[in-house]
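Enquirer: If you scroll down you'll find the structure; I have some questions about it.
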Amino acid sequence: MRTDRLFDYIYYQQANYPQKVAFAGKRDGEWQTYSTNDMIEQSLKMAAGLLDLGLKEGDKIAIVSYKNRPEWSILDLAALQIGVVDVPLYPTISAVEYEYILNDAEIKYAFVGPGDLYDKVREAQKNVPSLKDIYTIEKEEGKKHWEDIWNESRVEEVKTLSEAIDPEQLATLIYTSGTTGRPKGVMLTHTNVAHIVNCTSKALPADTGDKVLSFLPLCHIFERAASYTYAFTGVNVYYTGTDNLGGDTGDLRTIAPTFFTTVPRLLEKVYEAIYNKGLELTGIKRSLFFWALSLTDDYEYDKEYGGFAALKRSIADKLIFSKWREALGGNVKGIITGAAPCPAKILRVFSAAGIPVREGYGLTETSPTLTLNEYGKGMAMIGTTGPIIDGVTLLIDRSEGDYREGEGEILAIGPNVMQGYYNKPQKTAEVFKEMDGKRWFRTGDVGKFVESGGRKFLKITDRKKELLKTSGGKYVAPAPIEGKMREDFLIEQMMVVGDKRKFVSALIVPSEEALKDWCENNNVTWTGRSDAIKNDKVIARYQETINQCNPQFSHIEQVKKFRLLDAEWEPTKTDGSTAELTPTMKLKRRVILEKFADEIEEMYT
Numbered sequence: 000m001r002t003d004r005l006f007d008y009i010y011y012q013q014a015n016y017p018q019k020v021a022f023a024g025k026r027d028g029e030w031q032t033y034s035t036n037d038m039i040e041q042s043l044k045m046a047a048g049l050l051d052l053g054l055k056e057g058d059k060i061a062i063v064s065y066k067n068r069p070e071w072s073i074l075d076l077a078a079l080q081i082g083v084v085d086v087p088l089y090p091t092i093s094a095v096e097y098e099y100i101l102n103d104a105e106i107k108y109a110f111v112g113p114g115d116l117y118d119k120v121r122e123a124q125k126n127v128p129s130l131k132d133i134y135t136i137e138k139e140e141g142k143k144h145w146e147d148i149w150n151e152s153r154v155e156e157v158k159t160l161s162e163a164i165d166p167e168q169l170a171t172l173i174y175t176s177g178t179t180g181r182p183k184g185v186m187l188t189h190t191n192v193a194h195i196v197n198c199t200s201k202a203l204p205a206d207t208g209d210k211v212l213s214f215l216p217l218c219h220i221f222e223r224a225a226s227y228t229y230a231f232t233g234v235n236v237y238y239t240g241t242d243n244l245g246g247d248t249g250d251l252r253t254i255a256p257t258f259f260t261t262v263p264r265l266l267e268k269v270y271e272a273i274y275n276k277g278l279e280l281t282g283i284k285r286s287l288f289f290w291a292l293s294l295t296d297d298y299e300y301d302k303e304y305g306g307f308a309a310l311k312r313s314i315a316d317k318l319i320f321s322k323w324r325e326a327l328g329g330n331v332k333g334i335i336t337g338a339a340p341c342p343a344k345i346l347r348v349f350s351a352a353g354i355p356v357r358e359g360y361g362l363t364e365t366s367p368t369l370t371l372n373e374y375g376k377g378m379a380m381i382g383t384t385g386p387i388i389d390g391v392t393l394l395i396d397r398s399e400g401d402y403r404e405g406e407g408e409i410l411a412i413g414p415n416v417m418q419g420y421y422n423k424p425q426k427t428a429e430v431f432k433e434m435d436g437k438r439w440f441r442t443g444d445v446g447k448f449v450e451s452g453g454r455k456f457l458k459i460t461d462r463k464k465e466l467l468k469t470s471g472g473k474y475v476a477p478a479p480i481e482g483k484m485r486e487d488f489l490i491e492q493m494m495v496v497g498d499k500r501k502f503v504s505a506l507i508v509p510s511e512e513a514l515k516d517w518c519e520n521n522n523v524t525w526t527g528r529s530d531a532i533k534n535d536k537v538i539a540r541y542q543e544t545i546n547q548c549n550p551q552f553s554h555i556e557q558v559k560k561f562r563l564l565d566a567e568w569e570p571t572k573t574d575g576s577t578a579e580l581t582p583t584m585k586l587k588r589r590v591i592l593e594k595f596a597d598e599i600e601e602m603y604t
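This is the structure in structure tokens:
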């Protein structure tokens with residue numbers, strides 16, 4: 000049976016292991032479930048409705064929702080089966096940004112979830128000639144509802160059209176999150192994404208019928224590819240949001256998933272919450288907590304313990320780690336993190352506690368996976384993003400730049416590499432490099448290969464475009480420094496600065512809750528973060544972290560000065576200001592440099 004087109008996977012599930020709960024989402028606080036057959040039948044009626052609107056192969060629709068939901072996947076399947084290109088949009092961007100993307104992609108119709116999305120897209124529509132209409136996914140008075148266009152009479156026509164879909168056809172346009180300027184529409188075919196699904200599905204630590212949670216945005220290729228993998232393997236997908244995860248009634252406890260994908264920042268927040276609870280303990284309970292936590296320091300994948308070392312870990316597991324697993328539902332067999340570098344400490348702490356976390360690497364332009372740490376013995380290494388996936392070739396290019404030994408820009412070739420940027424031939428040309436008769440995709444990331452057990456693992460050392468160059472002409476990679484220092488529970492966010500400056504410095508956003516606990520335990524009166532960051536004792540505590548981390552880097556990379564900020568760096572702002580993080584929690588360095596220009600200047604005055 001075919002599995003080379005993205006809508007094939009739900010039909011594969013229907014033929015091999017139809018599920019009663021293939022997908023589920025909450026409506027008014029209650030779970031609404033969709034069987035395999037429900038997903039197929041509704042997508043066929045929706046596809047027929049799209050035909051009634053006059054849409055044809057190559058036309059484009061937009062989908063935007065604040066939370067993942069089965070209706071999102073139904074719309075996606077409907078479009079794909081008739082050759083209509085869907086364009087997922089981030090819900091947190093402004094009407095001005097919608098206007099740009101809707102025009103660039105020449106969107107014909109938009110389908111929106113609840114909240115302010117209809118109003119934002121309607122505002123943008125005033126300057127988008129191609130956009131004919133907007134439909135809501137939930138019924139809203141006075142607005143057209145997506146079910147209004149469903150049609151059963153043309154279902155057979157949809158099936159005929161779907162049979163003719165070529166895997167090399169454009170399936171989706173995914174707009175980059177804009178860390179380096181205006182968003183660019185990444186053109187991905189069925190083949191691009193299907194290669195990733197077919198290659199990585201075997202790495203999923205879940206069996207048919209197991210429950211998985213999906214809360215990373217489906218408008219990002221990471222979760223989008225995961226959703227097709229879930230359909231392919233027959234697991235039951237529960238769509239939710241990050242605000243519904245924790246607590247006794249949260250979805251982690253009530254659904255008790257086997258698996259989920261995430262980004263490092265969410266794992267860091269879970270770790271911070273665990274650590275802060277440890278700080279609240281007293282006496283023997285507090286001592287046991289931090290003793291157990293110390294046992295994770297030397298953890299490595301596949302490392303075996305015997306004798307007294309094994310006994311200690313068995314005791315720690317029973318008394319401490321089992322409670323961590325219970326907080327995540329008690330059934331988690333694995334977590335895969337991506338989209339940004341994950342601190343080694345986070346990987347060690349969770350994995351040592353029996354919550355196996357693996358890190359992968361890729362880009363929107365590569366659909367997304369290039370390397371992946373898997374769960375088999377010898378298939379993962381902390382500090383790396385894993386071995387190269389099947390069918391992909393990577394090259395470390397040292398020809399352009401001043402790199403350390405063994406490092407260079409990561410170039411990629413494979414069936415998962417995008418066709419290019421929509422309407423931007425010049426931008427497309429800039430990210431490809433002709434070499435040895437081949438057309439290599441330039442990732443913009445710097446890395447090297449390290450060996451373990453006869454297997455090569457990719458280690459990312461920095462973003463090429465984010466390399467700082469001091470006024471002395473020395474290059475500095477900020478990501479490793481930031482990652483190491485963020486391991487301190489008192490640091491919520493951090494950004495290294497120093498481009499064209501005489502030394503490296505840092506902006507630090509303290510973790511407010513952790514800092515409050517630290518102050519209360521160290522005789523510092525807490526009147527709020529704005530006062531605490533001016534306290535000499537607090538500043539000295541952060542200096543200790545700097546002093547401990549600096550020796551792990553070369554002299555030129557060491558942080559000489561820092562500023563504590565009374566701020567929150569977030570992926571979306573309620574006050575209308577520009578967000579400091581992308582929707583996938585990456586630093587928007589240019590925005591941060593502009594917002595905190597005064598603080599930066601003070602460090603160099």
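Each residue of the sequence shown is one higher than the last, beginning at 0 in numbering that gives the first Met the number 0.
Even glycine gets a Cβ: it sits at the ideal position worked out from N, Cα and C.
1. Could you tell me whether the stretch 114 to 133 touches the stretch 1 to 13, using the rule of 3 or more Cβ pairs below 8 Å?
2. Cα-Cα, which of 424, 410 and 425 is closest to residue 435?
3. Under 6 Å Cβ to Cβ from residue 252, same chain only, skipping five residues before and after it: list those, please.
4. With burial defined as no fewer than 16 other Cβ atoms inside 10 Å of the residue's Cβ, what is the status of residue 310: buried or exposed?
5. With the cut-off set at 9 Å, would you say residue 506 and residue 564 are in Cβ contact?
6. Leaving out the 5 sequence neighbours to the left and right, which residues in its chain are closer than 8 Å to residue 324 when beta-carbon positions are compared?
7. So, for residue 58: in the same chain, excluding its five sequence neighbours on each side, which residues have a beta-carbon less than 6 Å away from its beta-carbon?
8. Taking buried to mean at least 16 other C-beta atoms within 10 Å of its own C-beta, is residue 98 buried or exposed?
9. Using three-state DSSP, classify residue 456 as helix, strand or coil.
10. CB residue 335 to CB residue 440, shorter than 9 Å?
11. What first and last residue would you give for the beta strand (DSSP E) that runs through residue 33?
12. Could you tell me the boundaries of the alpha helix (DSSP H) in which residue 597 lies?
13. Report, in whole angstroms, the separation of the C-beta atoms of residue 69 and residue 229, which I expect to be a contact under 8 Å.
14. Work out the CA separation of residue 515 and residue 525 for me, nearest whole Å.
15. Assess, as a yes-or-no matter, whether the stretch 358 to 373 is touched by the stretch 412 to 425 under the definition of 3 or more beta carbon pairs within less than 8 Å.
16. Would you mind sorting residue 280 into buried or exposed? The rule is 16 or more other CB atoms within 10 Å of its CB.
17. How far does the alpha helix (DSSP H) with residue 567 in it extend, from its first residue to its last?
18. So the candidates are 545, 254 and 539; which of them puts its Cα closest to the Cα of residue 25?
19. Take residue 548 and list the residues in its own chain whose beta-carbon comes closer than 7 Å to its own, dropping the five residues that flank it on each side.
20. Are there 16 or more other CB atoms within 10 angstroms of the CB of residue 553, so buried, or fewer, so exposed?
21. Could you tell me the alpha carbon to alpha carbon distance between residue 76 and residue 189, rounded to whole angstroms?
22. Specify the secondary structure class of residue 233 as computed by DSSP and reduced to three states.
23. Only counting runs of 4 or more residues, tell me where the alpha helix (DSSP H) segments fall wholly within the stretch 477 to 546, in order along the chain.
24. Tell me the rounded alpha-carbon separation between residue 150 and residue 44.
25. What residue from 431, 451, 165 and 222 has the CA that sits closest to residue 386's CA?
26. Helix, strand or coil, according to DSSP, for residue 277 in the structure here?
27. Just list the beta strand (DSSP E) runs in the stretch 160 to 229, keeping only unbroken ones of 3 residues or longer that don't cross its boundaries, in chain order.
28. Can you tell me where the beta strand (DSSP E) holding residue 87 begins and where it ends?
29. Could you tell me if residue 219 is buried or exposed, where buried requires 16 or more neighbouring beta carbons within 10 angstroms of its beta carbon?
30. Could you tell me which whole alpha helix (DSSP H) segments of length 4 or greater appear in the stretch 373 to 437?
31. Thinking just about the alpha-carbon of each residue, which of 291, 221 and 74 is nearest to the one in residue 339?
32. Check whether the stretch 195 to 204 and the stretch 371 to 390 touch, using three or more Cβ-Cβ pairs below 8 Å as the test.
33. DSSP three-state call for residue 475: helix, strand or coil?
34. Measuring alpha carbon to alpha carbon, tell me which residue in 390, 273, 343 and 236 is nearest residue 513.
35. So residue 35 packs on residue 21, CB below 8 Å; how close in whole Å?
36. Between residue 29 and residue 74, what straight-line distance do the alpha-carbon atoms span, to the nearest angstrom?
Expert: In this structure, then:
1. no
2. Position 436 of the sequence shown, counted from the first residue, corresponds to residue 435. Residue 435 has its Cα closest to that of 410, out of 424, 410 and 425.
3. As a working mapping, residue 252 is identified with position 253 in the sequence shown. So the qualifying residues of the chain are 328.
4. In the sequence shown, counting from the first residue as 1, residue 310 sits at position 311. By the neighbour-count rule (16 or more Cβ atoms within 10 Å), residue 310 is not buried but exposed.
5. For this step, residue 506 is matched to residue 507 along the sequence shown. For this step, residue 564 is matched to residue 565 along the sequence shown. Going by C-beta atoms, residue 506 is nearer than 9 Å to residue 564.
6. In the sequence shown, the residue the question calls residue 324 occupies position 325. Counting only Cβ-Cβ distances below 8 Å, and skipping sequence neighbours, we find 331, 352, 353 and 354.
7. Here residue 58 is taken as the residue at index 59 of the sequence shown, counted from 1. Taken in chain order, the residues that qualify are 83 and 107.
8. Start at 1 with the first residue of the sequence shown, and residue 98 comes out as number 99. The residue in question, residue 98, is buried, as its Cβ has 16 or more Cβ neighbours within 10 Å.
9. For the purposes of this step, residue 456 is identified with residue 457 of the sequence shown, where counting begins at 1. In the structure shown, residue 456 sits in a strand (DSSP, three-state: E or B).
10. As a first step, residue 335 must be located in the sequence shown, where it is residue number 336. As a first step, residue 440 must be located in the sequence shown, where it is residue number 441. Result no, Cβ atoms of residue 335 and residue 440 do not sit closer than 9 Å.
11. Taking the sequence shown and counting its residues from 1, one reaches residue 33 at position 34. It spans 29 to 33 - the beta strand (DSSP E) in which residue 33 sits, taken as one unbroken run.
12. Sequence index remark: in the sequence shown, residue 597 carries index 598 (1-based). Residues 596 to 603.
13. What you label residue 69 is simply residue 70 of the sequence shown in a count that begins at 1. What you label residue 229 is simply residue 230 of the sequence shown in a count that begins at 1. Wrong, their Cβ atoms sit about 12 Å apart, outside the cutoff.
14. As a first step, residue 525 must be located in the sequence shown, where it is residue number 526. As a first step, residue 515 must be located in the sequence shown, where it is residue number 516. Looking at the two C-alpha atoms, the distance is approximately 6 Å.
15. yes
16. The count along the sequence shown starts at 1 and reaches residue 280 at position 281. Label assigned to residue 280: exposed.
17. The sequence position of residue 567 within the sequence shown is 568, counting from 1. From DSSP, residue 567 is part of no alpha helix (DSSP H); its letter is neither H nor E.
18. As a first step, residue 25 must be located in the sequence shown, where it is residue number 26. For residue 25, the nearest C-alpha among the options comes from 254.
19. Reading the sequence shown from its first residue, position 549 is the one you call residue 548. 483 and 484, listed in sequence order.
20. For the purposes of this step, residue 553 is taken as the residue at position 554 of the sequence shown. With fewer than 16 Cβ atoms within 10 Å of its Cβ, residue 553 is classed as exposed.
21. If you number the sequence shown from 1, residue 76 lands on position 77. If you number the sequence shown from 1, residue 189 lands on position 190. Using only the alpha carbons, I get a separation of about 12 Å.
22. Residue numbering aside, residue 233 sits at position 234 when the sequence shown is read from its first letter. Coil, per DSSP.
23. 477 to 484, 511 to 520 and 528 to 531
24. Position 151 of the sequence shown, counted from the first residue, corresponds to residue 150. Position 45 of the sequence shown, counted from the first residue, corresponds to residue 44. Those two C-alpha atoms are separated by around 5 Å.
25. One-based indexing of the sequence shown puts residue 386 at position 387. Taking only the C-alpha atoms, the option nearest residue 386 is 451.
26. Taking the sequence shown and counting its residues from 1, the one referred to as residue 277 is at position 278. Helix.
27. 169 to 174, 184 to 188 and 210 to 213
28. Within the sequence shown, the letter at position 88 stands for residue 87. Its beta strand (DSSP E) spans residues 84 to 87.
29. Taking the first residue of the sequence shown as position 1, residue 219 is located at position 220. It is buried - the Cβ of residue 219 has at least 16 other Cβ atoms within 10 Å.
30. 424 to 429
31. Within the sequence shown, the letter at position 340 stands for residue 339. Comparing Cα-Cα distances from residue 339 to each of 291, 221 and 74, the minimum goes to 221.
32. yes
33. Here residue 475 refers to the residue found at position 476 when the sequence shown is read from its first residue. Strand, per DSSP.
34. Stepping through the sequence shown from its first residue, residue 513 is reached at position 514. Closest option to residue 513, Cα to Cα, is 273.
35. Numbered from its first residue, the sequence shown carries residue 35 at position 36. Numbered from its first residue, the sequence shown carries residue 21 at position 22. 4 Å between Cβ atoms; contact.
36. Taking the sequence shown and counting its residues from 1, the one referred to as residue 29 is at position 30. Taking the sequence shown and counting its residues from 1, the one referred to as residue 74 is at position 75. Their backbone Cα atoms lie some 21 Å apart in a straight line.
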